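Novice:
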Amino acid sequence: MFNSKNRNQSYSSNHSQNNNNNGQIQQSGYFVKSFCQEHPEEYLTNFCSHIQCLRPLCPDCIEQHIQFHKQTNSFPDIESIKNVKTKCEKKIRAASQDLVSQLDVLENKNLFLADDFMDEGLITLKKQREQLINMVESYFNLLEQKYRNRINEFSTRGHTMNNLLEKIRNMLNELEFLKANLESPNQINALKKICNMDLRTTLELFKREISKLDKDQNYVAVEVQINDKRLDFIQQELFKYTNLGNIKETNPNAQMLQSIDELSEQPIALNQPVVQSKVVNQQDYEKQMQYQSPQSNNISTRSNHLYNTMNLRDIDRKFENKQLYLNMKEYFAPYCNQKNLHFFQHYKNILHICNLDQLSSSTRKIAVFDQIQLSEKHPVREFHKSIITNNGEIFLCGGKISSELRSNEVFKYDYNNKQLTMLQSMQHGRSSHSIQYHQGYIYVVGGFLDNQIITGLCEKYNIDSGMWEEMAELNSPVINSTICVFQDKYLVKFGGLENKQGTIEPNNIIEIYDIQKNKWTIIDAKFSNECTEKQLMNFRLLNSSCAIQINQNEIYVFGGYLDNKESNQTFILSIDIDDQQNLDAVIKNINLIPLLYAEGFWNNTPIFYSGKIYALQNINNNQKQECVENARVILQFDGIKWSEVNLLYY
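Mapping to our numbering: the sequence shown position 587 is 590, numbers consecutive.
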């Protein structure tokens, strides 16, 4: 159904006064003019796009048709035939472009045929068999059979692909036919059919079939791999000498390894009981939380372990390839000229900025932050939060006024005047909250309210309207958590600290927020089979961590604090959400690539820039056993290793 912007207006149209017979058709430069069957002297000028109507209307029909919708408690969707025709053309054009794109994707996958490489592979295999005929006859027979099976799979794949190609071509032909009918006497029938077509669903079905082909078939050519150095050890390691590189091999130890692999993944109890907001019976806990000396690194007892696990494997696997797959769009918009890392220094009211474009183009090895002295008129509060949007706008909100009071003030940095501009205040004053930006909104989650009450209240700021809006509450009130955007549809919250019977303890919960449904849901995650028992025993959800989506299904979480002890922990949360909104979450790659330094992140909104992750990590002042206020370490991660861009004190 098409949406009209002026549905309640009075619809009318000038029409020809010529006396023509009912049904006579005249050609127009824009659309075919037809006469109304109910009012033979009137041209059909409008069209109701309501899915249950799809009816052409003349000016005399409109008022009666509106009354019909009122009687049926429905709303008319009336526009001129010209507008409907234009929208139909756009609908077909957009769908055709998408289908052509998918057709190109599909055709590009059919790059090679079985016959192109079958003979060459068999010749290679037979040559190797001749050298070891007495020893490995049965082994090569097995390889040949596997090879032929793979060729047959390609033949089956080709048949399936051809059927799908034919379906897409037929759909394109049908759309072209309907497009032509929009300029013919069959225009009305074409309008009805186009309005009834669910092209989006059809396109998604085609995409799904293409995706299924990707999952069901291996499109990489089978390669016969040869390693002559293994000839001396052929009896012990025959399968390493010659194998089909893209087919999983079986060796004499495979049964034992397979039995280990088939141990079920164990769920972890991330859905702890909900903790209601309570007054924390501690004096100025935020101060203790930030500056308390690191405690001894005591490992929790099994009974206090965050996760209940059973039948865990005691096998310490080694990661063969220590690399994470980074594939996300750039955070900053292409037109943005303020691609900055930033942090605010309270007390002194200084904004520190490092421009990433200048950093990447500079020959200096050490990044320098520009220091901007802000007016004392708008003090930067302790335990505030700030965020930079994808177009370079910097926002500052909240913070602690006194041990009992929290600020609800919100500011935007003015690059021209180099000062803060006050905006509409938050609905709740808060500190030690979490903050994130996404598609024109700034999201604020949890934190301390007045009187040090830990809250689950959340709100969001509409940058266009300048207004704050309430959001659904967290299931578990929390401070110092980390949140990140996921798949442009969700926010995911990790860890933090919560109030348990008057004491501050780690929050053991991951929650996901559906932006469209305005709903927080606790995630029941599980560990992957690759995790060792030692990793599981030491794993915790921390506070003041960083989190960022790194590819379609994975979030990378790193750093933070546990009981005032710094951590260099890293892990991946992999999330799969099917069409029925069923969610499957797996924690994996624990400490695969740990941080360079064990520390937390007060500024815990990392940025994806130039194919790498950039984050501002706290710097510990070992002499005072606290974090310095006027400096940060710029960390850079390329998927393989962490590196330090700067270490600069002012």
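Yeah, the Cβ is synthetic: ideal placement off N, Cα and C, and Gly gets one too. The structure displayed is predicted, hence computed values, not measured ones.
Work out the CA separation of Q572 and K325 for me, nearest whole Å.
Specialist: Within the sequence shown, residue 325 is the residue found at index 322, counting from 1. Within the sequence shown, residue 572 is the residue found at index 569, counting from 1. Rounded to whole angstroms, the gap between the alpha carbons of K325 and Q572 is 15 Å.
Novice: Report all residues from its chain with a CB closer than 8 Å to the CB of S428; omit the five preceding and five following residues, and keep chain order.
Specialist: Mapped onto the sequence shown, residue 428 falls at position 425. Excluding residues within five positions, the ones whose Cβ falls inside 8 Å are N411, E412, V413 and W471.
Novice: Which word fits G505, buried or exposed, when buried means at least 16 other C-beta atoms lie within 10 angstroms of its C-beta?
Specialist: In the sequence shown, the residue the question calls residue 505 occupies position 502. Counting Cβ neighbours within 10 Å, G505 comes out exposed, since fewer than 16 surround it.
Novice: Is it right to say Y350 is buried, meaning 16 or more other beta carbons lie within 10 angstroms of its own, or is it exposed?
Specialist: Your numbering for residue 350 matches position 347 in the sequence shown. So Y350 counts as exposed.
Novice: Leaving out the 5 sequence neighbours to the left and right, which residues in its chain are closer than 7 Å to L460 when beta-carbon positions are compared?
Specialist: Within the sequence shown, the letter at position 457 stands for residue 460. Closer than 7 Å at the Cβ level, and outside the excluded window around L460, lie H431 and E476.
Novice: Of the residues E514, Y440 and N532, which one's Cα is nearest the Cα of D491?
Specialist: What you label residue 491 is simply residue 488 of the sequence shown in a count that begins at 1. Of the listed residues, the one whose Cα sits closest to D491 is Y440.
Novice: Helix, strand or coil: which one does DSSP assign to V227?
Specialist: Here residue 227 refers to the residue found at position 224 of the sequence shown. V227 sits in a strand when the DSSP states are folded into three classes.
Novice: Taking the continuous beta strand (DSSP E) assigned at N49, which residues delimit it?
Specialist: If you number the sequence shown from 1, residue 49 lands on position 46. N49 -> beta strand (DSSP E) spans N49 to C51.
Novice: For the structure I just gave you, are there three or more beta carbon pairs, one from the segment 551-570 and one from the segment 478-497, closer than 8 Å?
Specialist: yes
Novice: Which term fits T392, buried or exposed, when burial requires 16 or more other beta carbons within 10 angstroms of its beta carbon?
Specialist: Counting from 1 along the sequence shown, the entry for residue 392 is found at position 389. Buried.
Novice: From what residue to what residue does the beta strand (DSSP E) around Q67 run?
Specialist: Position 64 of the sequence shown, counted from the start, is the residue given in the question as residue 67. Element bounds for Q67: not the beta strand (DSSP E) but the alpha helix (DSSP H), P62 to Q74.
Novice: Applying the 10 Å Cβ sphere with the 16-neighbour rule, what's the burial state of M425?
Specialist: As a first step, residue 425 is located in the sequence shown; it is residue number 422 there, counting from the start. Its Cβ having fewer than 16 others within 10 Å, M425 is exposed.
Novice: What does a CB cutoff of less than 8 Å around L175 pick up in its chain, not counting 5 residues either side in sequence?
Specialist: Counting from one through the sequence shown, the residue named residue 175 turns up at place 172. For L175, where only same-chain residues beyond five positions count, the Cβ hits under 8 Å are S99, L102, V103 and L106.
Novice: Cα separation between Y334 and V631?
Specialist: For the purposes of this step, residue 334 is taken as residue 331 along the sequence shown, with counting starting at 1. For the purposes of this step, residue 631 is taken as residue 628 along the sequence shown, with counting starting at 1. Cα-Cα distance, rounded: 28 Å.
Novice: Assign E41 to one of three DSSP states: helix, strand, or coil.
Specialist: For the purposes of this step, residue 41 is identified with residue 38 of the sequence shown, where counting begins at 1. Reduced to three states, the DSSP call for E41 is coil.
Novice: Answer yes if the segment 346-361 comes into contact with the segment 569-588, meaning at least three C-beta pairs across the two stretches below 8 Å, and no otherwise.
Specialist: no
Novice: Whose C-beta lies closer than 8 Å to the C-beta of R172 among residues of the same chain, with five residues either side of it excluded?
Specialist: Taking the first residue of the sequence shown as 1, we reach residue 172 at position 169. Same-chain partners within the cutoff: L106.
Novice: Thinking D579 and N556 are a contact (beta carbons under 8 Å), I'd like their distance in whole angstroms, please.
Specialist: Numbered from 1 along the sequence shown, position 576 holds the residue referred to as residue 579. Numbered from 1 along the sequence shown, position 553 holds the residue referred to as residue 556. At roughly 6 Å, the Cβ-Cβ gap stays under 8 Å, so D579 and N556 are in contact.
Novice: From the DSSP output, in three-state form, read off T127 for me.
Specialist: Within the sequence shown, residue 127 is the residue found at index 124, counting from 1. If DSSP states are grouped into helix, strand and coil, T127 belongs with the helices.
Novice: Using alpha carbons as the reference points, say which of E133, L638 and K195 lies closest to T90.
Specialist: By one-based count along the sequence shown, residue 90 stands at place 87. Residue 90 is actually Lys in this sequence, not Thr. The shortest C-alpha separation from K90 is found at K195.
Novice: For P59, which residues of its own chain have a beta-carbon under 6 Å away from its beta-carbon, when the five flanking residues on both sides are left out?
Specialist: Taking the first residue of the sequence shown as position 1, residue 59 is located at position 56. L47, F50 and I191.
Novice: Tell me the start and end of each unbroken beta strand (DSSP E) in the segment 345-402 that is at least 3 residues and wholly inside, in chain order.
Specialist: 353-358, 373-376, 388-391 and 397-400
Novice: Can you check which of these residues, I95, I558, N454 and P43, is closest to P609 by C-alpha distance?
Specialist: Position 606 of the sequence shown holds residue 609. Of the listed residues, the one whose Cα sits closest to P609 is I558.
Novice: Using a Cβ-Cβ cutoff of less than 8 Å, which residues in the same chain neighbour I466 once the five nearest sequence positions on both sides are dropped?
Specialist: If you number the sequence shown from 1, residue 466 lands on position 463. T392, E396, G443, Y444 and I445, listed in sequence order.
Novice: Going by Cα to Cα distance, which pick from R203, I456, K644 and G124 is closest to Y226?
Specialist: Residue 226 sits at position 223 when you count from the first residue of the sequence shown. A small correction: the amino acid at residue 226 is Glu; Tyr does not occupy that position in the sequence shown. Checked all of R203, I456, K644 and G124; the closest Cα to E226 is G124.
Novice: Starting from C198 and walking both ways along the beta strand (DSSP E), at which residues does that stretch end?
Specialist: For the purposes of this step, residue 198 is identified with residue 195 of the sequence shown, where counting begins at 1. Not the beta strand (DSSP E): C198 falls in the alpha helix (DSSP H), residues Q190 to N199.
Novice: Does the beta-carbon distance from S435 to F386 come in below 8 Å?
Specialist: Here residue 435 is taken as the residue at index 432 of the sequence shown, counted from 1. Here residue 386 is taken as the residue at index 383 of the sequence shown, counted from 1. Against a cut-off of 8 Å, the Cβ pair of F386 and S435 comes out as a contact.
Novice: Judging by CA-CA distance, which residue of N510, G498, L494 and L500 is the nearest neighbour of K522?
Specialist: In the sequence shown, residue 522 corresponds to position 519, counting from 1. Ranking the options by Cα distance to K522, first place goes to L494.
Novice: Who are the Cβ neighbours of A193 in its own chain at under 6 Å, not counting the five residues just before and after it?
Specialist: Translated into the one-based positions of the sequence shown, residue 193 becomes position 190. The beta carbon of A193 lies closer than 6 Å to those of L181, N184 and L185 in the same chain, with the five residues before and after it left out.
Novice: Identify which residue in V87, C56 and H72 has its Cα closest to the Cα of V35.
Specialist: Residue numbering aside, residue 35 sits at position 32 when the sequence shown is read from its first letter. V35 has its Cα closest to that of V87, out of V87, C56 and H72.
Novice: Taking the C-alpha atoms as reference points, what is the distance between A336 and C64?
Specialist: Taking the sequence shown and counting its residues from 1, the one referred to as residue 336 is at position 333. Taking the sequence shown and counting its residues from 1, the one referred to as residue 64 is at position 61. Whole-angstrom Cα-Cα distance: 49 Å.
Novice: List the residues that DSSP assigns as beta-bridge partners of N623.
Specialist: Here residue 623 is taken as the residue at index 620 of the sequence shown, counted from 1. Its beta-bridge partners are C630.
Novice: Using only alpha-carbon positions, find the residue among N624, F604, I643 and N607 that is nearest to V592.
Specialist: For this step, residue 592 is matched to residue 589 along the sequence shown. The sequence shown places Asn at residue 592, rather than the Val named in the question. It is I643.
Novice: DSSP has W471 in a bridge; who is on the other side?
Specialist: Walking along the sequence shown from the start, residue 471 turns up at place 468. Partner(s): Y464.
Novice: In whole angstroms, what separates the C-alpha of C56 from that of R151?
Specialist: Here residue 56 is taken as the residue at index 53 of the sequence shown, counted from 1. Here residue 151 is taken as the residue at index 148 of the sequence shown, counted from 1. Distance between the alpha carbons of C56 and R151: 57 Å.
Novice: Figure out for me which residue from E133, R543 and V589 has the closest Cα to the Cα of E569.
Specialist: Here residue 569 is taken as the residue at index 566 of the sequence shown, counted from 1. Closest option to E569, Cα to Cα, is R543.
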